[in-house]
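So the protein sequences, as listed, match chains A and B.
For what it's worth, this note's numbering labels the leading residue of the first sequence as 10, then goes sequentially.
For what it's worth, this note's numbering labels the leading residue of the second sequence as 654, then goes sequentially.
The beta carbon of each residue, even a glycine, is placed where N, CA and C say it ideally should be.
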Amino acid sequence: MTARAILLNIGSVVVLLLFLALWQFAAVTDLVSRVFLPPVTDAFDALWRQVEDGSLVQAILGTTGRMLVGFAFAVVVGCGFGLLIGLSPTVRAYIEPSLEFLRPLPASAIIPVAILMLGLTKTMIIFVIAFGSLWPILLATIQGVKSVEPRLFEMARTMELSSREVITSIVLPSAVPDIFAGVRLGLTVSLILAVITEMMSAEVGLGANILHAARSFNSPDLFAGVITLGLLGLVINAIMETAQRHLTRWQQDY
Amino acid sequence: MVQDKPMQRATDMQSPLLSIENVSFSVPVAQGKLTILQNISLNVRQGEFVSIIGGSGCGKTTLLRLIGGLNRPTEGRLMFDGAPIEQPSRRRAVVFQDYSKALLPWRTVTSNVQLALDTDPTPRDAATKKKIIGRLLEQVGLAEAADRFPRQLSGGMQQRLQIARCLALEPKMLLMDEPFGALDAMTRQTLQDEIAKLAKETGMTVIFITHDIEEAIYLGDRVCAMESRPGRISAVLDIDLKFPRDQLTTREDEQFLRYRHELFQYLPKKH
Numbered sequence: 010m011t012a013r014a015i016l017l018n019i020g021s022v023v024v025l026l027l028f029l030a031l032w033q034f035a036a037v038t039d040l041v042s043r044v045f046l047p048p049v050t051d052a053f054d055a056l057w058r059q060v061e062d063g064s065l066v067q068a069i070l071g072t073t074g075r076m077l078v079g080f081a082f083a084v085v086v087g088c089g090f091g092l093l094i095g096l097s098p099t100v101r102a103y104i105e106p107s108l109e110f111l112r113p114l115p116a117s118a119i120i121p122v123a124i125l126m127l128g129l130t131k132t133m134i135i136f137v138i139a140f141g142s143l144w145p146i147l148l149a150t151i152q153g154v155k156s157v158e159p160r161l162f163e164m165a166r167t168m169e170l171s172s173r174e175v176i177t178s179i180v181l182p183s184a185v186p187d188i189f190a191g192v193r194l195g196l197t198v199s200l201i202l203a204v205i206t207e208m209m210s211a212e213v214g215l216g217a218n219i220l221h222a223a224r225s226f227n228s229p230d231l232f233a234g235v236i237t238l239g240l241l242g243l244v245i246n247a248i249m250e251t252a253q254r255h256l257t258r259w260q261q262d263y
Numbered sequence: 654m655v656q657d658k659p660m661q662r663a664t665d666m667q668s669p670l671l672s673i674e675n676v677s678f679s680v681p682v683a684q685g686k687l688t689i690l691q692n693i694s695l696n697v698r699q700g701e702f703v704s705i706i707g708g709s710g711c712g713k714t715t716l717l718r719l720i721g722g723l724n725r726p727t728e729g730r731l732m733f734d735g736a737p738i739e740q741p742s743r744r745r746a747v748v749f750q751d752y753s754k755a756l757l758p759w760r761t762v763t764s765n766v767q768l769a770l771d772t773d774p775t776p777r778d779a780a781t782k783k784k785i786i787g788r789l790l791e792q793v794g795l796a797e798a799a800d801r802f803p804r805q806l807s808g809g810m811q812q813r814l815q816i817a818r819c820l821a822l823e824p825k826m827l828l829m830d831e832p833f834g835a836l837d838a839m840t841r842q843t844l845q846d847e848i849a850k851l852a853k854e855t856g857m858t859v860i861f862i863t864h865d866i867e868e869a870i871y872l873g874d875r876v877c878a879m880e881s882r883p884g885r886i887s888a889v890l891d892i893d894l895k896f897p898r899d900q901l902t903t904r905e906d907e908q909f910l911r912y913r914h915e916l917f918q919y920l921p922k923k924h
């Protein structure tokens, strides 16, 4: 690490500590009422209590579990249809106008529809998550598949590659950077939707916990939940970044 | 070293490996059709190195694509090894001019060559493949770069990699489309000598497209000069220069200069 990078790292930690200090100061001096803003220490105490009684793990598992199931559907459907639509101009001509209508639809707009049809069930939650995170993945896959270097298809013909070999050896690997960018976006959307939908249903999870804490003016638990969600997002992002770096190694110079 | 056999050149008609018979190629345009190639006939023997020169737009790349089977002629036919050419074949490997686009950027050097072996109908075990790849990379001078990705290689090395991948197909014929056109003069000379050596060693038949007269003569057993609009073969010249050829002495050879003089008239004077 260069001296500059170390300095920047130290700097970012200092900023974070300053922010926490400011928060603590505002709370203990009653600049903001403790009913709304607990001291940092109270929030972390609440967090620790949740860790100890196991409710935190349960909430995290509940939220991420539903999120991952919905997300997995989105990945399978998004990549599958993306490949089909990207490869076939005919399919594209038929489907693209419908896509253009569905794509800009905010996922939250379909929540009432989903509730009406599926009830306040786990199925509804997973459907909404899958639907919402599908679009970035689908569109990125179409884009990635469409932009494969045409010369590679000619090269494949001169090597007499089968259609299956063309897809597995050329189209998919070539589209990986695009697909992965879409997958990252989709994962972010799926976390958001997982939190929102469980606020509306009775499932155990981080979003439900936050809402419950807010309604009972239990600000330490409320902020403990917010902190947990922040950390969860951080961890997911770190995992995805590492995976992305690994998958797109070939794009980096050394 | 294999000796050049100028006497055999006259015997084109005895079952050539490739025969191009009255081939024309045109594309439909707004007002009727545009003829790219007109009445091309050419026979190529097994083991022969044929250079094709012509200015830009004379249809030489199109001719190569017809031989490769990437396009079909609108008239006439092409025969390869006794059968009409209807589609691309692993027996006619194509070295594309734009090497950076023809390589798989996400695969290492080794793995790019591996593609040719993995898709081979003849099954081979991993150890055999590894040995073949090692030998090919050695042959084209890329052994040191085996684990690098294409974008970490120079242009010359990328083109060497494409050649290695083509050799892994064990083709009967190598079709090269201005393969060294984008390289600097030094690299180009090195690669010319390497491809000449490879062709002699493997006995492979080579069709070599270029716009560089000297390169055409230096490498070829025969040089075909093409003229444009519509593209046609205007001269075929047997090159009687001894092998191995040398960048310095061959190019200073009086015979070499005579060939150069003769072919010069077929190239466009203005672009």
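Taking 9 angstroms as the cut-off, the Cβ atoms of glutamate 868(B) and glutamine 845(B) count as close.
In the assembly as shown, arginine 224(A) is an exposed residue. Its beta-carbon has fewer than 16 other beta-carbons within 10 Å. The criterion of a C-beta distance shorter than 9 angstroms is not satisfied by leucine 731(B) and glutamate 701(B).
For valine 154(A), no CB of chain B lies under 9 angstroms from its own CB, so it is not counted at the interface with that chain. Annotation for serine 64(A): the continuous alpha helix (DSSP H) segment containing it runs 64 to 96.
Assignment of beta-bridge partners to asparagine 696(B) by DSSP yields Ser672(B). Any Cβ of chain B closer than 9 angstroms to the Cβ of valine 180(A) would place that residue at the interface, and such an atom is absent. DSSP, read as helix, strand or coil, puts serine 210(A) in coil. Per DSSP, the continuous beta strand (DSSP E) segment holding serine 887(B) begins and ends at 885 to 891.
For phenylalanine 733(B), the enclosing beta strand (DSSP E) starts and ends at 728 to 733. Straight-line spacing of the CA atoms in leucine 27(A) and arginine 760(B) works out to 46 angstroms.
Taking a 10 Å sphere around the C-beta of valine 41(A), we find fewer than 16 other C-beta atoms and assign the residue as exposed. Contacts with chain A at 9 angstroms (Cβ-Cβ) include phenylalanine 802(B). Taking C-beta atoms under 8 angstroms as the contact rule, phenylalanine 749(B) and arginine 13(A) fail to qualify, at a distance of about 43 angstroms. In the DSSP assignment, threonine 858(B) falls within the beta strand (DSSP E) that extends over 858 to 863. As computed with DSSP, serine 679(B) is found in a beta bridge with Thr688(B). With the rule of 3 Cβ pairs closer than 8 angstroms, the region 784 to 797 of chain B counts as touching the region 806 to 818 of chain B. Counting every other CB atom within 10 Å of its CB across the protein chains shown gives glutamine 59(A) a total of 16 or more, marking it as buried. CA-CA distance, serine 668(B) to aspartate 734(B), rounds to 8 angstroms.
In the DSSP assignment, phenylalanine 917(B) falls within the alpha helix (DSSP H) that extends over 907 to 917.
Of all residues in the region 718 to 744 of chain B, only Gly721, Leu723, Pro741, Ser742 and Arg743 come within less than 7 angstroms of chain A when Cβ atoms are compared, listed by chain position. Chain A places no beta carbon closer than 9 angstroms to that of threonine 775(B), leaving this residue out of the contacts. When the beta-carbon positions are compared, proline 229(A) and alanine 55(A) come within less than 9 angstroms of each other. DSSP lists no beta-bridge partner residue for glutamate 867(B). The CB of aspartate 830(B) never comes closer than 9 angstroms to any CB in chain A; the least such distance is about 11 angstroms. Any Cβ of chain A closer than 9 angstroms to the Cβ of phenylalanine 833(B) would place that residue at the interface, and such an atom is absent. In the three-state reduction of the DSSP assignment, proline 115(A) falls in the coil class, being assigned neither a helical nor a strand state.
In this structure, the straight-line span from the alpha carbon of alanine 252(A) to that of arginine 258(A) is close to 10 angstroms.
Our two residues, aspartate 39(A) and phenylalanine 45(A), have alpha carbons roughly 10 angstroms apart in a direct line.
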